[in-house]
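Quick note: the first sequence uses the UniProt record's numbering, first residue 1, plus one each step.
Virtual Cβ for every residue (Gly too), placed ideally from N, Cα, C.
Let me begin by presenting the structure, written as structure tokens, before commenting on it.
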Amino acid sequence: MTNITAQRLARRSTFYKRLRYVESALSDGHVLKRSHSTVVNRHELTGTLPVKRSRYSTGDSDLVASQVIDVKLEEVEPDNSMIVGVNVKLEDVKERDKPRQQQIKEPDPGYQSDESTDTLILDPLDHEAAENVLDSPKDRINPAKAEPLRSQSDVGMFHGLHFHLLGMPRRRLNLLSERIMERDGAVSHAYSNSVTHILSDIHDVAKLQFMLTRGKIGLNARVLDTKWLADALQHGFCPDEQIYLIYPKVTAESPESLKTSENTRKSPKQLRNHFIKRRKSRYESSSDTEKDDKYRAMESDSIELDASDEEDGVPEIESKNHTIASSTQHDDLNKIIEQVKAQPELIDLDASEDDGPEQKEKDDNAEMSRRRGIQYEKFLCMKSNPIMTDTVNPNEFIIEKLEELHEFYKSTNDHWREVGYQKAISAIKTLQTPLRSADEARRIFGVGGRIADKIGEIINTGQLQKLKNLDSENEVLKLFSGIYGVGPSLARRWMSKGYTTLDDIRNNVTLPESQRIGLKYYDELHNRMSREEVEQIAQVVKNELMKIDEKLEMTIGGSYRRGLPDCGDVDLLITRNDEDGKNHQGVMKQLLKRLVDMGFITNHLALPGQFEDLRTRYMGICALPNGLHRHIDILTVPYNEMGACLIAYTGNDIFNRSLRLLASKKKLRLNQMGLFAEVLRGASRAKITEGNCIASKTEEAIFEALGVPCRPPHERNP
DNA sequence: TGGCCAATACTG
DNA sequence: CAGTAT
DNA sequence: GCCA
1 MTNITAQRLA RRSTFYKRLR YVESALSDGH VLKRSHSTVV NRHELTGTLP
51 VKRSRYSTGD SDLVASQVID VKLEEVEPDN SMIVGVNVKL EDVKERDKPR
101 QQQIKEPDPG YQSDESTDTL ILDPLDHEAA ENVLDSPKDR INPAKAEPLR
151 SQSDVGMFHG LHFHLLGMPR RRLNLLSERI MERDGAVSHA YSNSVTHILS
201 DIHDVAKLQF MLTRGKIGLN ARVLDTKWLA DALQHGFCPD EQIYLIYPKV
251 TAESPESLKT SENTRKSPKQ LRNHFIKRRK SRYESSSDTE KDDKYRAMES
301 DSIELDASDE EDGVPEIESK NHTIASSTQH DDLNKIIEQV KAQPELIDLD
351 ASEDDGPEQK EKDDNAEMSR RRGIQYEKFL CMKSNPIMTD TVNPNEFIIE
401 KLEELHEFYK STNDHWREVG YQKAISAIKT LQTPLRSADE ARRIFGVGGR
451 IADKIGEIIN TGQLQKLKNL DSENEVLKLF SGIYGVGPSL ARRWMSKGYT
501 TLDDIRNNVT LPESQRIGLK YYDELHNRMS REEVEQIAQV VKNELMKIDE
551 KLEMTIGGSY RRGLPDCGDV DLLITRNDED GKNHQGVMKQ LLKRLVDMGF
601 ITNHLALPGQ FEDLRTRYMG ICALPNGLHR HIDILTVPYN EMGACLIAYT
651 GNDIFNRSLR LLASKKKLRL NQMGLFAEVL RGASRAKITE GNCIASKTEE
701 AIFEALGVPC RPPHERNP
């Protein structure tokens with residue numbers, strides 16, 4: 001049994017470590033799969049292989065690599081196998097059981113053959129599987145089917161790399177960011193621990209350190225000259241980082257993980273030939289490139305957008321710009337918003353009052369819209385909310401505390417208090433400057449007196465007394481309600497019975513099916529997955545879908561569509577153009593049967609009530625061969641409701657609420673089926689009539705009808 | 001003081 | 001119906 | 001919790 005508690009998960013430390021693997025072992029796992037073409041750099045010495053996250057173990061069994069940062073060739077063995085250094089980000093997950101013993105098929109004692117460790121470190125290995133009809137891991141699909149989705153050219157050359165750019169003009173920054181993201185890299189507009197590469201034109205280390213961490217020491221990432229990126233883009237592979245290195249200084253203190261091995265320049269020819277050979281065969285055998293493109297085109301907006309904006313010139317504003325220079329950002333979006341505000345007749349349906357056409361100074365904007373009834377600037381959906389995941393926010397220390405409180409109220413039944421905190425937190429997150437006082441905080445929309453006081457306390461004392469009081473019980477509550485199907489009520493009930501661990505629950509409580517599964521896969525389901533894994537899972541489903549009907553269309557929604565670097569679950573929307581008189585009726589049933597039969601879906605959480613409907617919804621657990629169990633959510637939607645459904649199932653939560661609230665202020669109603677007008681509402685906005693659908697087919701139509709600037713998915717992360 | 005998104009499904 | 005989930 |  002695994003025994004990681006929720007708090008342990010939350011507190012995992014991360015660090016970097018260098019591991020060594022044998023190439024032959026790697027090559028048949030899914031690790032090096034798409035990196036062959038970038039192995040040999042122009043120096044013919046070491047190649048830096050950008051590899052997407054994967055799972056490893058050091059063999060100590062208490063370390064799990066969550067992210068592969070790079071791979072370097074180190075040595076060629078007599079038998080022509082290669083030693084590869086893998087630079088990974090590790091997560092400390094001790095106190096778990098040893099993973100099942102890995103067979104040692106590696107002759108060289110010093111090096112660790114992988115493959116066994118490449119698999120389910122987190123596999124709880126419980127043997128209660130009998131109860132579960134679907135539990136038959138042996139029947140899982142052939143690994144070959146889940147093979148990589150793309151593998152050509154330099155697409156994806158930055159996969160798994162996380163950049164932060166600084167010390168350059170904004171236009172250049174935007175341009176480079178686009179190039180990176182086009183090639184699957186991630187870019188943050190602020191420095192954080194998850195950043196693997198900092199690119200800068202500035203070479204002054206002291207200055208850099210100050211800019212990045214405000215003088216605090218400890219950069220976890222390499223700092224490279226921006227030229228590295230330029231060269232990478234030009235040549236189609238990542239050049240040796242060594243010669244571009246600004247920090248750490250090669251001679252002085254160079255952290256373990258950043259050293260390049262000295263023996264790498266052994267027989268470069270050999271290495272090169274080896275890989276060139278491999279790469280060639282790969283190309284020949286991989287017929288999936290076109291299927292690939294089709295898939296990419298189908299799967300998400302981000303990719304569609306990628307394809308559309310071609311060459312240089314001016315950096316586009318609309319798409320995938322979650323990199324925003326930290327000082328002067330989203331002028332364009334603001335412009336749009338200003339425009340919208342300036343033309344209330346377009347958006348404000350009930351602008352009954354007449355105002356003169358005065359264009360006051362912009363300080364009057366708020367006042368103006370207030371008189372008009374709707375204050376657009378207070379709706380989060382009116383603003384661009386780019387991805388801010390684990391970036392270092394100037395108010396990070398405040399946010400942390402507030403988030404703890406938020407967590408606490410989430411495990412209470414005090415729903416609205418929870419919402420209050422949620423709003424305040426997301427408001428603070430958008431700030432670019434550090435808060436100096438409670439007073440300053442109070443002026444933020446969403447922050448009231450109580451929270452402002454708490455912020456003041458945090459600023460002054462560095463902590464929050466209130467947090468200390470509720471700590472221990474809070475942890476247990478969080479632990480319990482982390483089980484799928486268990487909420488605050490049940491968690492509290494259990495706690496009042498004296499249970500404090502998951503084992504207590506396992507041993508003493510008879511659980512309904514869904515909760516049992518939630519408990520069984522507790523760790524796995526809390527482990528977020530890479531975008532690549534989402535794609536692999538989606539591909540499996542897509543494959544089956546195509547066997548049922550080629551005209552079916554599938555889109556990945558949820559956090560994946562919003563462009564988050566990792567996802568907690570997979571949301572799949574399925575539809576079919578019905579202009580030929582056919583539709584997707586009954587598809588869900590066939591699809592599920594296939595997925596279950598092939599062993600891909602291992603458990604059900606909730607089945608659709610009416611399989612024959614056009615609208616069906618399924619929730620369950622799936623697993624790639626050798627993969628962790630993942631939460632998967634599949635729905636079928638009528639073709640003409642796709643837009644509404646996309647909005648609903650792309651989220652995020654807060655964005656949707658904001659959008660829907662705005663709709664209701666305008667006497668409209670927005671839901672997963674469409675945007676409706678002429679809705680009659682009674683007391684407490686209770687819906688009386690359905691209203692008429694005025695938009696539903698595309699997201700754009702709905703945004704437009706609402707008077708909201710069309711937000712690409714990446715900007716729906718408030 | 002009352003609203004804070006909306007709709008649906010499932011379980012005890 | 002209350003609780004949970006999406 | 002926050003806000004009108």
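Determine the burial state of residue 508: buried for a count of at least 16 other Cβ atoms within 10 Å of its Cβ, exposed for fewer.
Along the first sequence, one-based indexing puts residue 508 at 508. Result: exposed.
What's the C-alpha gap between residue 487 and residue 464?
Here residue 487 refers to the residue found at position 487 of the first sequence. Here residue 464 refers to the residue found at position 464 of the first sequence. Straight-line Cα distance between these residues: approximately 26 Å.
Reduced DSSP category for residue 162 - H, G, I as helix; E, B as strand; rest coil:
Your numbering for residue 162 matches position 162 in the first sequence. It is a strand residue.
With a threshold of 16 other CB atoms inside 10 Å of the CB of residue 547, please say whether the residue is buried or exposed.
On the first sequence, position 547 is the one that residue 547 refers to. Residue 547 comes out exposed.
Nearest neighbour of residue 721, chosen from 606, 574 and 610 [CA to CA]
Because the chain in this structure spans residues 1 to 718, residue 721 falls outside the shown range and cannot be described.
Closest by CA to residue 550, which one among 521, 587, 518 and 564?
Start at 1 with the first residue of the first sequence, and residue 550 comes out as number 550. The candidate whose alpha carbon is nearest that of residue 550 is 587.
Taking the straight line between their C-alpha atoms, what separation do you get for residue 521 and residue 411?
Position 521 of the first sequence, counted from the start, is the residue given in the question as residue 521. Position 411 of the first sequence, counted from the start, is the residue given in the question as residue 411. Taking the straight line from one Cα to the other gives about 21 Å.
From 499, 601, 503 and 483, residue whose alpha carbon lies closest to that of residue 512:
On the first sequence, residue 512 is found 512 positions in, with the first residue counted as 1. If we check each option's Cα against that of residue 512, 483 comes out closest.
My guess is that residue 594 and residue 544 are in contact by the Cβ rule of under 8 Å, so how many angstroms apart are they, rounded?
As a working note, residue 594 is residue 594 in the first sequence. As a working note, residue 544 is residue 544 in the first sequence. Yes, they are in contact, since the Cβ atoms of residue 594 and residue 544 sit about 4 Å apart, within 8 Å.
Beta-ladder partner(s) of residue 620, from DSSP
To locate residue 620, count along the first sequence from 1; it is residue 620. DSSP lists 604 and 632 as partners of residue 620.
Just checking my contact of residue 407 with residue 425 at CB under 8 Å: how many whole Å lie between their CB atoms?
Counted from its first residue, the first sequence places residue 407 at position 407. Counted from its first residue, the first sequence places residue 425 at position 425. That belief does not hold up - the Cβ atoms of residue 407 and residue 425 are roughly 11 Å apart, past 8 Å.
When the Cα atoms are used, what is the spatial distance from residue 709 to residue 519?
Along the first sequence, read from residue 1 onward, the residue named residue 709 stands at position 709. Along the first sequence, read from residue 1 onward, the residue named residue 519 stands at position 519. Cα-Cα distance, rounded: 42 Å.
Pairs of beta-carbons, one from the stretch 630-648 and one from the stretch 662-674, closer than 8 Å: are there three or more?
yes
For residue 654 and residue 242, I'd like the C-alpha separation in whole angstroms.
In the first sequence, counting from the first residue as 1, residue 654 sits at position 654. In the first sequence, counting from the first residue as 1, residue 242 sits at position 242. Taking the straight line joining both Cα atoms gives about 44 Å.
Tell me, which residues are paired with residue 677 by DSSP?
Along the first sequence, read from residue 1 onward, the residue named residue 677 stands at position 677. According to DSSP, residue 677 bridges with 692.
Just how far apart, CA to CA, sit residue 627 and residue 534?
As a first step, residue 627 is located in the first sequence; it is residue number 627 there, counting from the start. As a first step, residue 534 is located in the first sequence; it is residue number 534 there, counting from the start. Computed Cα separation, rounded: 11 Å.
Identity of the residue in 469, 716, 185 and 374 nearest residue 237 by Cα:
Walking along the first sequence from the start, residue 237 turns up at place 237. Residue 237 has its Cα closest to that of 185, out of 469, 716, 185 and 374.
Range of the contiguous alpha helix (DSSP H) that encloses residue 455:
Taking the first residue of the first sequence as position 1, residue 455 is located at position 455. Segment 449-461, the alpha helix (DSSP H) holding residue 455.
Residue nearest to residue 581 in terms of C-alpha spacing, selected from 179, 621, 639 and 596
Walking along the first sequence from the start, residue 581 turns up at place 581. The shortest C-alpha separation from residue 581 is found at 639.
Would residue 510 be called buried (16 or more neighbouring beta carbons within 10 Å of its own) or exposed?
Taking the first sequence and counting its residues from 1, one reaches residue 510 at position 510. Classification for residue 510: exposed.
Check the DSSP bridge columns for residue 247 and list the partner residues they point to.
Counting from 1 along the first sequence, the entry for residue 247 is found at position 247. DSSP output for residue 247 lists 223 as bridge partner(s).
State the Cα-Cα distance for the pair residue 711 and residue 248, rounded to the nearest angstrom.
Numbered from its first residue, the first sequence carries residue 711 at position 711. Numbered from its first residue, the first sequence carries residue 248 at position 248. Computed Cα separation, rounded: 40 Å.
Return the chain-ordered list of same chain residues with a C-beta closer than 6 Å to the C-beta of residue 385, the five sequence neighbours on each side being excluded.
On the first sequence, position 385 is the one that residue 385 refers to. So the qualifying residues of the chain are 715, 717 and 718.
Residue 706 and residue 675 closer than 8 Å at C-beta
Position 706 of the first sequence, counted from the start, is the residue given in the question as residue 706. Position 675 of the first sequence, counted from the start, is the residue given in the question as residue 675. Cβ distance < 8 Å, so residue 706 and residue 675 count as in contact.
So what's residue 483 in DSSP terms, helix, strand or just coil?
Working through the first sequence from its first residue, we reach residue 483 at position 483. Three-state result, residue 483: coil.
Excluding the five sequence neighbours on either side, which residues of its own chain have a C-beta within less than 6 Å of the C-beta of residue 485, listed in chain order?
Locating residue 485 in the first sequence gives position 485, where the first residue counts as 1. Within the same chain, residue 485 has close Cβ partners 514, 515 and 518.
Helix, strand or coil, according to DSSP, for residue 69 in the structure here?
The residue you call residue 69 lines up with position 69 of the first sequence. The predicted position of residue 69 is uncertain, since its pLDDT is 42 and thus under 50; a value taken from the coordinates is nonetheless stated next. DSSP places residue 69 in strand when its eight states are reduced to three.
Please report the straight-line C-alpha distance between residue 41 and residue 156, rounded to a whole angstrom.
In the first sequence, residue 41 corresponds to position 41, counting from 1. In the first sequence, residue 156 corresponds to position 156, counting from 1. Confidence is the limiting factor: at residue 41 the pLDDT is only 21, short of 50, which leaves the residue's position unreliable, though a coordinate-based value still follows. Taking the straight line from one Cα to the other gives about 16 Å.
Ignoring anything shorter than 3 residues or poking outside the stretch 502-584, list the beta strand (DSSP E) runs there in chain order.
552-556 and 569-576
Would you kindly work out how many angstroms separate the C-alpha atoms of residue 602 and residue 619, rounded to a whole number?
Indexing the first sequence from 1 puts residue 602 at position 602. Indexing the first sequence from 1 puts residue 619 at position 619. For residue 602 and residue 619, the distance between alpha carbons rounds to 11 Å.
Give me the DSSP bridge partner(s) of residue 658.
Position 658 of the first sequence, counted from the first residue, corresponds to residue 658. For residue 658, which the question treats as bridged, DSSP gives no partner whatsoever.
Close Cβ partners of residue 467 (< 6 Å) along its chain, the five nearest in sequence each way excluded
On the first sequence, residue 467 is found 467 positions in, with the first residue counted as 1. Answer for residue 467: 404, listed in chain order.
Residue range of the unbroken beta strand (DSSP E) whose run includes residue 670:
Here the question's residue 670 lines up with position 670 in the first sequence. Where residue 670 is concerned, the enclosing beta strand (DSSP E) stretches over 669-671.
From residue 395 to residue 229, what distance separates their C-alpha atoms?
In the first sequence, counting from the first residue as 1, residue 395 sits at position 395. In the first sequence, counting from the first residue as 1, residue 229 sits at position 229. Near 31 Å, if we compare the C-alpha coordinates of residue 229 and residue 395.
Out of 417, 461 and 475, which has the shortest C-alpha to C-alpha gap to residue 447?
For the purposes of this step, residue 447 is taken as residue 447 along the first sequence, with counting starting at 1. Minimum Cα distance to residue 447 is reached at 417.
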